[in-house]
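Read top to bottom, the protein sequences are chains E and D. All residue numbers for the first sequence refer to the UniProt record's numbering, where the first residue is 1 and numbers rise by one. All residue numbers for the second sequence refer to the UniProt record's numbering, where the first residue is 1 and numbers rise by one.
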Amino acid sequence: MSEGTLYDKVWDRHKVTTLPTGQDQLFIGLHLIHEVTSPQAFGMLRERDLEVAYPELTHATVDHIVPTANRDRPYENEAAETMMAELEENVREAGIEFSDPTTGDQGIVHVIGPEQGLTQPGKTIVCGDSHTSTHGAFGALAFGIGTSQIRDVLATGTVAMEKQKVRKIQIDGELDEGVEAKDIILEIIRRLGTEGGVGYVYEYAGSAIEDLGMEGRMSICNMSIEGGARAGYVNPDETTYEWLEETDYFQENPEKFEELKPYWESIRSDEDAEYDDVVRIDADELEPVVTWGTTPGQGVGITDPIPAPEDLPADKQDTARRAQEHMRVEPGETMEGYEIDVAFLGSCTNARLPDLRRAAEIIDGRQVDDDVRALVVPGSQRVQETAEKEGLKDTFEEAGFEWRNAGCSMCLGMNEDQLEGDEACASSSNRNFIGRQGSKDGRTVLMNPQMVAAAAINGTVTDVRDLKEVTTV
Amino acid sequence: MTDDGDDVEIPEVDYVSGSGVPIRGNDIDTDQIIPARFMKVVTFDGLGEFAFFDVRFDEDDNQKDHPFNEDRYQDSSVLVVNSNFGCGSSREHAPQSLMRWGIDAIIGESFAEIFAGNCLALGIPTVTADSETIQDLQDWVDDNPDGKIDVDVEAETVTYGGMTVDVTVDDAQRKALVDGVWDTTALMKSNAGAVREKAEELPYVADAAIPDAE
Chain E
1 MSEGTLYDKV WDRHKVTTLP TGQDQLFIGL HLIHEVTSPQ AFGMLRERDL
51 EVAYPELTHA TVDHIVPTAN RDRPYENEAA ETMMAELEEN VREAGIEFSD
101 PTTGDQGIVH VIGPEQGLTQ PGKTIVCGDS HTSTHGAFGA LAFGIGTSQI
151 RDVLATGTVA MEKQKVRKIQ IDGELDEGVE AKDIILEIIR RLGTEGGVGY
201 VYEYAGSAIE DLGMEGRMSI CNMSIEGGAR AGYVNPDETT YEWLEETDYF
251 QENPEKFEEL KPYWESIRSD EDAEYDDVVR IDADELEPVV TWGTTPGQGV
301 GITDPIPAPE DLPADKQDTA RRAQEHMRVE PGETMEGYEI DVAFLGSCTN
351 ARLPDLRRAA EIIDGRQVDD DVRALVVPGS QRVQETAEKE GLKDTFEEAG
401 FEWRNAGCSM CLGMNEDQLE GDEACASSSN RNFIGRQGSK DGRTVLMNPQ
451 MVAAAAINGT VTDVRDLKEV TTV
Chain D
1 MTDDGDDVEI PEVDYVSGSG VPIRGNDIDT DQIIPARFMK VVTFDGLGEF
51 AFFDVRFDED DNQKDHPFNE DRYQDSSVLV VNSNFGCGSS REHAPQSLMR
101 WGIDAIIGES FAEIFAGNCL ALGIPTVTAD SETIQDLQDW VDDNPDGKID
151 VDVEAETVTY GGMTVDVTVD DAQRKALVDG VWDTTALMKS NAGAVREKAE
201 ELPYVADAAI PDAE
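Pasting the structure below:
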């Protein structure tokens, strides 16, 4: 069993009691809710005549189904309007703060929590969304829950959980030009598998992680769940504190910053902490990673050949065969040159300001391929506003990208942004499951935002490093 | 009805019995179990008919080859799956749709954690066995679609065709199901005082955010 890790310390600080089942009852410091997985939970509360126990530790936004094009109310899509109206009613009744689109603070739940300073080191954070692991970037213990658990948290401020093992993933070295945090996590999932993390929480450490800004750390923690780990985290450091100091919460409550810092320092993993497992990855060796299949673990370096199913472990062969048939890729070839129809720059993984900036640098002065539909969906209204001020919107639009309002959009194809037929999509999102982007014949290739930009320009999966070289000549 | 909902009936799930339905394949994600477009609803009612929708029907809503479409499995209640079943999205809509289709228990090589937790919250056991055991059971179900499978949650065994095999049920899950404490709301609410004390101890929780004692 692990000892002295951030996970152990935060768990202990939040453990209320051990339940008769052997599970621990954990106090939840921040409960984020959105329009798709919360209405049923509020319904269950009503059925049982229960109230929200800790409304002030709960925060709502709308992201999953909210339109990213026309946002006039009522929304054109009746279901979107119903879900929005339901959330509005629920938060009003319970007295829960709501970052709705009229506030200018709306956005993907995993983008706005950190922006507003709601996400802090040493908090327990839950949300009815598996990418809640994102908040672990700040040294929080954050994980996704289902709707019945949302009911538990609303009614009691706690959740029943079993403690897990801790795997430290040590990533040392420096990332090459064109290689990003996204490539680190795609590589981790490729190596450890989509279920390699089941039963574990991942601690991401090492010089490559320390060198990353908060956005990069969020991209990594975000996809922990794609590797089977329900939560992932990075120990808080000066980079974390610098981010926190700029957020609304600490701008409004500057005294809290000094007051809480000792707590944040105290929950860092000890130098001599014990882990259940340690994995090392050399950042120097990484190149941009793209997926060739239909799980996030089916990835490959951009210059490496797609593996033959028979060369994979026995239990991975069938899935690989079916994936290659669906994607229409051939073993032995690289993913370079794979034709795409859509380029999607968005999602809770990669739709923050630096993501858009890096992609815009590639786009600047170039044109999206004639056969490609390209869209940018900023992660939040604040990201959108700043990007517009910086001129990024103009850069993208001049190149032929559509510039949208904030939301989950084509990452999960719940609103009107969907793949059609067998379209192939270069996507900065997190899941390449069959049907994920709204069409069951659609084909998703996951990659970092710069790579999405490069694919949009060429109309094919492209090694962005080649485009950079052209720029410098 | 009392104010804290203490009287919600929570059945004990120590035993599940029924015929099986095999769904083969590793890494079957929750987007496959219930595509996102069917989540545009504010209740879980009626989700059963949309379980595995995109692998069950083509564009024109014609049935494709899928166990959930086969007549012989229409009364089945024990789902037999392979590894990492239920990975991906945390949507409880996935187990809700399976439950409403008629599934009472799932036997598999392994399950994604959030999915297994969601199943537990609905009183659906997710029991595990090695790959060979699962494949044998799936083959047996193919040949015996009406054959009875007994899942003994407490004893951690599965009995079918006159044979009993050992399976694993996570300790906490087993206890929660067998003792009928898998719906944790009332149980945890009964600790409200200790929860408040915990909140008071945490440096980041403002006093104003902590409710008064009831």
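Every residue, glycine too, gets a C-beta built ideally from N, C-alpha and C.
- Could you list the residues in the region 83-103 of chain D with a C-beta less than 7 Å from some C-beta on chain E, going in chain order? 83, 84, 87, 88, 89, 90, 91, 92
- Kindly indicate the opening and closing residues of the beta strand (DSSP E) around residue 19/D. 15-22
- Query: Where are the beta strand (DSSP E) runs, 3 residues long or more, that stay fully inside the region 327-379 of chain E, in chain order?
  - Reply: 342-345, 373-376
- Item | residue 178/D versus residue 126/D - alpha carbon distance | 13 Å
- Evaluate the contact criterion for the region 14-32 of chain D versus the region 358-365 of chain E: three or more CB pairs, one atom per stretch, below 8 Å. no
- Cα-Cα, which of 122/E, 189/E, 373/E is closest to residue 262/E? 122/E
- Message: What does the alpha-carbon distance come out to for the pair residue 354/E and residue 466/E?
- Response: 21 Å
- With residue 386/E as the anchor, note down where its alpha helix (DSSP H) starts and where it stops. 381-389
- Can you say whether residue 422/E is buried or exposed, counting buried as having 16 or more other CB atoms within 10 angstroms of its CB? exposed
- Is residue 365/E buried or exposed, if buried means 16 or more other CB atoms sit within 10 Å of its CB? exposed
- For chain E, is any of its Cβ atoms less than 7 Å away from the one on residue 22/D? no
- Looking at residue 176/E and residue 206/E, is the spacing between their C-beta atoms short of 7 Å? no
- Item | Any C-beta of chain E under 7 Å from that of residue 133/D | no
- Message: Using beta carbons (cut-off 7 Å, strictly below), is residue 24/E in contact with chain D?
- Response: no
- Rounded C-alpha distance that separates residue 87/D from residue 111/D: 7 Å
- Query: Relative to the alpha-carbon of residue 68/E, which residue among 410/E, 163/E, 295/E has its alpha-carbon at the smallest distance?
  - Reply: 410/E
- Query: How would you label residue 188/D, buried or exposed, when you count the other beta carbons within 10 angstroms and need 16 or more for buried?
  - Reply: buried
- Message: Quick check: the Cα distance between residue 119/D and residue 95/D, rounded to an integer number of angstroms?
- Response: 6 Å
- What's the gap between the Cα of residue 152/E and the Cα of residue 227/E? 26 Å
- Query: Can you find a C-beta in chain D that's less than 7 Å from the C-beta of residue 138/E?
  - Reply: no
- Message: Ignoring anything shorter than 3 residues, give me the beta strand (DSSP E) runs that lie fully in the region 43-121 of chain E, in order along the chain.
- Response: 58-61, 97-99
- Item | Proximity of residue 112/E and residue 55/E at Cβ, strictly below 7 Å | no
- chain E partners of residue 32/D, CB-CB under 7 Å? 433, 434, 435
- Query: From 325/E, 396/E, 217/E, 258/E, pick the residue whose C-alpha is nearest to that of residue 114/E; which is it?
  - Reply: 217/E
- Message: In whole angstroms, give me the CA-to-CA distance for residue 352/E and residue 460/E.
- Response: 24 Å
- Task: May I ask you to report which of helix, strand or coil DSSP gives residue 122/D?
- Result: coil
- Starting from the C-beta of residue 150/D, find all residues in its chain whose C-beta is less than 6 Å away, skip the five residues before and the five after it, and write them out in chain order. 17, 159
- Identify which residue in 381/E, 139/E, 468/E has its Cα closest to the Cα of residue 107/E. 381/E
- Between the region 19-34 of chain E and the region 183-201 of chain E, do at least 3 Cβ pairs fall closer than 8 Å? no
- Message: Once the 5 residues before and after residue 363/E are set aside, which same chain residues still bring their CB inside 8 Å of it?
- Response: 395, 396, 399, 401, 453, 456, 457
- Query: Do you know whose CA, among 191/D, 172/D, 8/D, 27/D, lies nearest residue 319/E's CA?
  - Reply: 27/D
- Counting only runs that start and end within the region 218-279 of chain E, where is the beta strand (DSSP E) found for 3 or more residues in a row? 231-233
- For the ligand SAM, any of its heavy atoms closer than 6 Å to the Cβ of residue 335/E? In terms of ligand content, the structure shown is empty, and the ligand SAM therefore cannot be addressed.
- Query: Which residue's Cα is closest to the Cα of residue 463/E: 82/E, 273/E, 178/E?
  - Reply: 178/E
- Task: Taking C-beta pairs closer than 8 Å, name the residues in chain E that residue 211/D reaches, listed in chain order.
- Result: 53, 54
- With 16 as the cutoff for other CB atoms within 10 Å, does residue 297/E come out buried or exposed? buried
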